[in-house]
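For reference, the structure discussed in these notes is given below.
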Amino acid sequence: MAVLEQQGRGAQTPNTVAYWFDRLHPATWLLILFLLFVPAFASEFIQNQIFAWAFILGIIALSLMFLAGYGGMVSLVQMSVAGLAGYMLAILGTSAITDISLGWPWWLAAPVAILIAIVFGTISGALAVRTEGIYTIMITLAIASAFFYFTRQNYAIFNGFTGFNGVLPPVFLGVDWGHPTAFYYLSLGIATLCYLAVAYVARSPFGLALQGVRDNPRRMAALGFNVTAHRIAAYAFAALLAAIGGILLVWQNTQISPDSNGIPWVINILVIAVVGGLGRPIGPFIGALIFVVLSIFALDVLVAIGLAGERFKLLIGLGFLLIVFFSPDGVLGLWDRWRSRWRRRETTDLAGQGGED
Amino acid sequence: MRRFIQRNPLWALVILVAVVIFLWMIFAIWPEWLEKLMGDSNKRTFVNAILNGITQGALYFLVASGFTLIFGLMRNVNLAHGSLYLLGGYIGFEISDATGSWYLSFLVAFIAIGLIGIALQIVVFRRMEGQELRQTMVTIGISIVLADIILWIWGGDFYQIWAPDWLSGPVTTPFISGIRSSGEVVYIKYPSVRALILLAAIVIGIGMWLALNRTRIGMLVRAGVDDRDMLAATGVRVQLVFVAVFAFGAGLAGLAGVVGGTFQSLQPGEDTRILLASLIVVIVGGMGSIPGAALGALLIGLAEQLGSVYVPTYSVVLTFLIMVLVLAFRPQGLLGR
Numbered sequence: 005m006a007v008l009e010q011q012g013r014g015a016q017t018p019n020t021v022a023y024w025f026d027r028l029h030p031a032t033w034l035l036i037l038f039l040l041f042v043p044a045f046a047s048e049f050i051q052n053q054i055f056a057w058a059f060i061l062g063i064i065a066l067s068l069m070f071l072a073g074y075g076g077m078v079s080l081v082q083m084s085v086a087g088l089a090g091y092m093l094a095i096l097g098t099s100a101i102t103d104i105s106l107g108w109p110w111w112l113a114a115p116v117a118i119l120i121a122i123v124f125g126t127i128s129g130a131l132a133v134r135t136e137g138i139y140t141i142m143i144t145l146a147i148a149s150a151f152f153y154f155t156r157q158n159y160a161i162f163n164g165f166t167g168f169n170g171v172l173p174p175v176f177l178g179v180d181w182g183h184p185t186a187f188y189y190l191s192l193g194i195a196t197l198c199y200l201a202v203a204y205v206a207r208s209p210f211g212l213a214l215q216g217v218r219d220n221p222r223r224m225a226a227l228g229f230n231v232t233a234h235r236i237a238a239y240a241f242a243a244l245l246a247a248i249g250g251i252l253l254v255w256q257n258t259q260i261s262p263d264s265n266g267i268p269w270v271i272n273i274l275v276i277a278v279v280g281g282l283g284r285p286i287g288p289f290i291g292a293l294i295f296v297v298l299s300i301f302a303l304d305v306l307v308a309i310g311l312a313g314e315r316f317k318l319l320i321g322l323g324f325l326l327i328v329f330f331s332p333d334g335v336l337g338l339w340d341r342w343r344s345r346w347r348r349r350e351t352t353d354l355a356g357q358g359g360e361d
Numbered sequence: 295m296r297r298f299i300q301r302n303p304l305w306a307l308v309i310l311v312a313v314v315i316f317l318w319m320i321f322a323i324w325p326e327w328l329e330k331l332m333g334d335s336n337k338r339t340f341v342n343a344i345l346n347g348i349t350q351g352a353l354y355f356l357v358a359s360g361f362t363l364i365f366g367l368m369r370n371v372n373l374a375h376g377s378l379y380l381l382g383g384y385i386g387f388e389i390s391d392a393t394g395s396w397y398l399s400f401l402v403a404f405i406a407i408g409l410i411g412i413a414l415q416i417v418v419f420r421r422m423e424g425q426e427l428r429q430t431m432v433t434i435g436i437s438i439v440l441a442d443i444i445l446w447i448w449g450g451d452f453y454q455i456w457a458p459d460w461l462s463g464p465v466t467t468p469f470i471s472g473i474r475s476s477g478e479v480v481y482i483k484y485p486s487v488r489a490l491i492l493l494a495a496i497v498i499g500i501g502m503w504l505a506l507n508r509t510r511i512g513m514l515v516r517a518g519v520d521d522r523d524m525l526a527a528t529g530v531r532v533q534l535v536f537v538a539v540f541a542f543g544a545g546l547a548g549l550a551g552v553v554g555g556t557f558q559s560l561q562p563g564e565d566t567r568i569l570l571a572s573l574i575v576v577i578v579g580g581m582g583s584i585p586g587a588a589l590g591a592l593l594i595g596l597a598e599q600l601g602s603v604y605v606p607t608y609s610v611v612l613t614f615l616i617m618v619l620v621l622a623f624r625p626q627g628l629l630g631r
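Going down the list, the protein sequences come from chains A and B. Going by my numbering, the first sequence opens with residue 5, and the numbers climb by one from there. Going by my numbering, the second sequence opens with residue 295, and the numbers climb by one from there.
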């Protein structure tokens with residue numbers, strides 16, 4: 005939390021370009037440069053199937069990180085919110101299933117789809133906040149599973165088992181956003197916006213109040229904050245993020261089916277967020293990158309060490325167990341601990357007494 | 295009950311009327327207008343759906359009672375419960391396949407899964423006592439790993455456990471489906487396996503109730519549900535109680551796996567289906583309450599089966615609606631505290 009408070013204080017000062025240039029860590033600049041120039045050296049497969057996919061999963065996991073990290077509510081409904089947004093885009097917009105799709109233009113279909121998904125996410129949140137703590141995970145899991153079975157069962161609206169295919173990314177500003185490089189920049193840009201939005205909201209009065217609610221709801225209530233309203237608002241904001249991720253996901257795959265928001269994916273989003281770390285908004289993206297790289301290359305690695313390639317899920321599960329066992333705050337937590345140990349050693353080497361850490 | 299009637303006379307009347315109509319629908323011979331009203335289906339469909347719902351509820355009860363017991367005592371939302379169910383089913387299948395004994399498969403599944411439960415409690419959950427969220431995450435990890443190991447060993451095929459021969463036929467229920475023109479009364483028939491399972495679930499349920507309310511162990515468990523720390527402070531070796539309850543709850547899940555494998559089937563994906571059903575059952579009935587699990591299981595089982603007969607593409611919504619209504623008006627569950 006110390007990091008967060010430091011950032012919070014920093015935000016109070018005027019933010020000129022020069023100031024921001026100074027304030028960002030050189031490593032951050034390197035990362036930005038690297039991400040901007042990925043298409044220059046990486047193949048289209050890597051741009052689309054690794055980076056763009058990781059950004060999108062990162063956005064959805066980010067919405068879970070926001071709820072869990074700042075609100076203390078582990079919601080498993082985020083993948084369903086994303087799925088509903090994707091479904092609504094396919095239903096309202098264009099797809100290969102012309103009987104059901106209404107064929108609205110994308111600039112109308114996408115916002116309406118996001119809006120519907122936000123309503124769904126907010127209502128789920130309103131249900132979930134009626135109980136506390138560990139119950140949240142159960143209720144949201146139940147909602148998510150009900151949504152999955154409903155989409156699989158219902159043919160009138162959701163086209164049942166097959167779902168929708170042929171949901172193509174739009175062409176505007178003269179760019180075909182379905183092209184791997186264009187889509188890479190689109191998802192990079194939106195992921196950055198989502199990241200900044202979460203970082204900003206976390207430091208806003210609302211975000212600080214939410215963190216207060218997480219740490220001590222009774223005290224916040226005594227201070228005059230409406231605890232329930234803050235929690236539901238957090239769900240609404242998280243639903244916005246998840247819905248955006250869902251839209252991108254359906255554009256990337258050009259199709260959506262019940263399996264896209266099935267229980268395995270609901271759990272995968274949790275795995276991504278937890279493995280990355282629930283402490284800071286960068287965590288989910290790290291988790292997503294690890295997940296994506298593992299899911300694509302695990303097959304080769306497993307075959308190389310003499311195991312069947314299908315055991316990828318076992319690997320993911322064991323990795324998740326190890327993380328939960330030994331570092332509940334994810335990879336970020338490992339990094340923080342390693343860094344503080346390194347720093348401590350450095351300060352003792354210099355015989356300094358400044359133990360601020 | 296008298297107090298309930300005195301307090302809510304209107305609701306009592308509504309419930310009474312509903313019960314009378316329901317009993318009449320089960321026992322009377324349906325007139326034509328009623329068949330038309332129920333979407334051109336006859337009484338046999340209706341009674342069968344009710345019976346199937348109750349049997350389904352019995353299965354859900356077997357799984358959910360272990361789940362709710364573990365939660366009530368240890369505050370551990372065991373999301374690997376569905377995997378234990380499926381594993382128990384497969385172990386039961388192997389045993390009945392190898393020895394040909396259906397009864398032995400129950401015993402072995404119960405003991406094997408109970409042992410796994412003991413191992414989980416001692417090796418995993420004892421280390422992170424009090425960290426509810428972390429425990430839950432660990433159970434998710436375990437369920438992922440178990441699901442993949444099960445897939446590894448048994449593959450993606452369907453498995454069915456065969457019940458002994460004397461259970462293969464139907465039994466005649468006392469419900470009349472109609473009267474032939476010859477004046478002969480036709481009774482509705484029902485598979486005897488399911489009837490036996492229903493009976494067994496009722497016996498287990500009553501047994502659990504008695505064990506919880508009439509024995510010393512039950513007293514310890516109830517005290518633990520109410521206040522774990524006080525129980526420990528009175529000198530009870532609370533960890534032993536935990537291990538016993540975890541073993542019993544897990545064992546029940548394994549037992550239920552054999553039941554499910556007998557009258558439904560075993561395949562990958564059943565673990566999540568059962569887990570979710572028991573989640574909803576427990577949310578509806580009330581966390582940590584055995585009678586609540588029974589009531590919730592009955593409601594959800596009935597809603598599922600009636601829904602799949604009368605509103606096929608929306609039956610999930612029916613189940614979900616029950617959960618939403620309960621959460622909206624009684625967040626602690628119907629019989630929860």
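Backbone N, C-alpha and C define an ideal beta-carbon position, used for all residues, glycine too.
{"Asked": "Given this structure, state the Cα-to-Cα distance separating B/G351 from B/G590, to the nearest angstrom.", "Found": "8 Å"}
{"Asked": "Which whole runs of the alpha helix (DSSP H) in the stretch 482 to 544 of chain B are 4 residues long or more, in chain order?", "Found": "486 to 508, 510 to 520 and 522 to 527"}
{"Asked": "For a cutoff of 7 Å on Cβ pairs, would you count A/Y74 as touching chain B?", "Found": "no"}
{"Asked": "Using a Cβ-Cβ cut-off of less than 8 Å, give me the residues of the stretch 142 to 153 of chain A that come near chain B, in sequence order.", "Found": "M142, I143, L145, A146, I147, S149, A150 and Y153"}
{"Asked": "In the DSSP output, which residue or residues are listed as bridge partners for A/D180?", "Found": "A/V175"}
{"Asked": "Residues bridged to B/L560 by DSSP?", "Found": "B/Y453"}
{"Asked": "Which residues, taken in chain order from the stretch 115 to 132 of chain A, show a beta carbon closer than 7 Å to some beta carbon of chain B?", "Found": "L131"}
{"Asked": "Say whether the stretch 168 to 181 of chain A touches the stretch 91 to 99 of chain A, bearing in mind that this needs 3 or more beta-carbon pairs closer than 8 Å, one atom from each stretch.", "Found": "yes"}
{"Asked": "Quick check: the Cα distance between A/G62 and A/A203, rounded to an integer number of angstroms?", "Found": "14 Å"}
{"Asked": "Find the residues of chain B that neighbour A/G193, judging by a C-beta separation of less than 8 Å, and give them in chain order.", "Found": "Within chain B, no residue comes near A/G193; the closest Cβ sits about 32 Å away, beyond 8 Å."}
{"Asked": "Spatial neighbours of B/S559 within its chain, please: CB distance less than 7 Å, with the 5 preceding and 5 following residues excluded, ordered by chain position.", "Found": "F452, Y453 and Q454"}
{"Asked": "In this structure, how does DSSP classify A/Q51 when only helix, strand and coil are distinguished?", "Found": "helix"}
{"Asked": "Quick check on B/F298 - is its C-beta less than 7 Å from some C-beta in chain A?", "Found": "no"}
{"Asked": "Return the residues of the stretch 313 to 327 of chain A that lie within a Cβ-Cβ distance of less than 7 Å from chain B, sorted by chain order.", "Found": "R315, K317, L318, I320, G321, L322, F324 and L325"}
{"Asked": "Can you have a look at B/E564 and say buried or exposed, based on whether 16 or more other CB atoms are within 10 angstroms of its CB?", "Found": "buried"}
{"Asked": "Tell me the rounded alpha-carbon separation between B/I299 and A/I60.", "Found": "56 Å"}
{"Asked": "Where A/T166 and A/A277 are concerned, what is the direct C-alpha to C-alpha distance, given to the nearest angstrom?", "Found": "29 Å"}
{"Asked": "For a contact meaning CB atoms closer than 7 Å, what does B/M431 contact in chain A?", "Found": "V278 and V328"}
{"Asked": "Measure the Cβ-Cβ separation of A/V254 and A/V231 and say whether it is below 7 Å.", "Found": "no"}
{"Asked": "Measure the CB-CB distance between A/G287 and A/L336 and report whether it falls below 7 Å.", "Found": "yes"}
{"Asked": "May I ask you to report which of helix, strand or coil DSSP gives A/I260?", "Found": "strand"}
{"Asked": "Is there at least one non-hydrogen atom of the ligand ZN closer than 6 Å to the beta-carbon of A/F55?", "Found": "The ligand ZN is not part of this structure, which contains no ligands at all."}
{"Asked": "Taking A/Q157 as part of the alpha helix (DSSP H), name the residues at either end of that continuous run.", "Found": "I138 to Q157"}
{"Asked": "Which chain B residues are close to A/A160, counting only those with a beta carbon under 8 Å from its beta carbon?", "Found": "T607"}
{"Asked": "Can you find the residues in the same chain that come closer than 8 Å, C-beta to C-beta, to A/Y188, ignoring five residues on each side of it along the sequence?", "Found": "V42, P43, Q51, N52, F55 and A56"}
{"Asked": "What does A/V78 reach in chain B if we use C-beta pairs closer than 7 Å?", "Found": "L427"}
{"Asked": "Nearest chain B C-beta to A/I236 closer than 7 Å, yes or no?", "Found": "no"}
{"Asked": "Can you confirm whether B/T566, when its beta carbon is compared against all beta carbons of chain A, has any partner nearer than 7 Å?", "Found": "yes"}
{"Asked": "Between the C-alpha atoms of B/A406 and B/F542, what's the straight-line distance to the nearest angstrom?", "Found": "11 Å"}
{"Asked": "For the stretch 617 to 631 of chain B, which residues have a CB atom closer than 7 Å to at least one CB atom of chain A, in sequence order?", "Found": "M617, V618, L621 and P625"}
{"Asked": "Hey, A/I273 and A/I64 are a contact pair by Cβ (cut 8 Å); roughly how many whole angstroms apart?", "Found": "6 Å"}
{"Asked": "So B/V552 and B/I364 are in contact, right, with Cβ under 8 Å, and what is the actual spacing, rounded?", "Found": "In fact, because the Cβ distance is near 20 Å, the residues do not count as touching under 8 Å."}
{"Asked": "List, in order along the chain, the chain A residues whose C-beta lies closer than 7 Å to that of B/F614?", "Found": "A150"}
{"Asked": "What residues in its chain sit with their C-beta under 7 Å from that of B/Q599, if we drop five residues either side in the sequence?", "Found": "A343, N346, G347 and Q350"}
{"Asked": "Thinking C-beta only, is B/G383 closer than 7 Å to B/G555?", "Found": "yes"}
{"Asked": "As a quick exercise: from B/S395, B/F400 and B/N370, pick the residue whose alpha carbon is nearest that of B/Y379.", "Found": "B/F400"}
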